[in-house]
Amino acid sequence: MLGIHFDWSPQAHAVVDGVRLTEEERACSRVLLLDHAGRILASSDRKGELDEVFRLPSDAADLGSYAADGVTVGYALTPGYETYRGLGWFGCIAQRESGAGAGRARGHAA
1 MLGIHFDWSP QAHAVVDGVR LTEEERACSR VLLLDHAGRI LASSDRKGEL DEVFRLPSDA
61 ADLGSYAADG VTVGYALTPG YETYRGLGWF GCIAQRESGA GAGRARGHAA
């Protein structure tokens with residue numbers, strides 16, 4: 001039996017850290033990589049990874065945005081590769097409005 005362990009954490013963090021935001025935007029935003037069920041796989045603030053669920057609307061399309069409770073959320077289904085359709089993961093940015101408090105931007109309540 002052959003087993004391989006791949007720690008992809010550095011690559012996942014490179015994705016969320018590589019999103020181009022101004023310092024002002026970065027201060028009030030969370031950049032997330034979500035699995036098909038909304039579980040946070042990687043987060044720009046490193047919080048909630050693998051144990052927090054960020055809920056997108058139940059009718060979420062492949063690409064969209066919404067605003068709720070002082071937070072604007074934009075999301076997109078990640079592409080696969082060539083003929084591979086991917087795993088149904090989403091890239092997501094949740095951004096608090098200016099003056100909306102210091103708490104983390106959270107997902108839509110289900």
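Read in order, the letters of the sequence shown correspond to residues 1 to 110 in the working numbering. Cβ atoms here follow ideal geometry from the backbone N, Cα and C, with glycine treated the same way.
Practice task
Classify Tyr-75 as buried or exposed, calling it buried when 16 or more other Cβ atoms lie within 10 Å of its own Cβ.
Solution key: Here residue 75 refers to the residue found at position 75 when the sequence shown is read from its first residue. Tyr-75 should be labelled buried.
Practice task
Answer with buried or exposed for Leu-63, where buried requires no fewer than 16 other C-beta atoms within 10 angstroms of its C-beta.
Solution key: Along the sequence shown, read from residue 1 onward, the residue named residue 63 stands at position 63. Leu-63 is exposed by the Cβ-count criterion.
Practice task
Check whether the Cβ atoms of Lys-70 and Thr-78 lie closer than 8 Å to each other.
Solution key: As a first step, residue 70 must be located in the sequence shown, where it is residue number 70. As a first step, residue 78 must be located in the sequence shown, where it is residue number 78. First, the amino acid is wrong: residue 70 is Gly here, not Lys. Cβ distance not < 8 Å, so Gly-70 and Thr-78 don't count as in contact.
Exercise for the section: Give the secondary structure of Val-53 by DSSP, where H, G and I count as helix, E and B as strand, and everything else as coil. Expected result: Here residue 53 corresponds to residue number 53 of the sequence shown, with the count starting at 1. Looking at Val-53 - three-state DSSP - the assignment turns out to be strand.
Handout entry: Runs of beta strand (DSSP E) wholly within the stretch 52-91 (minimum 3 residues, chain order)
Key = 63-68 and 71-77
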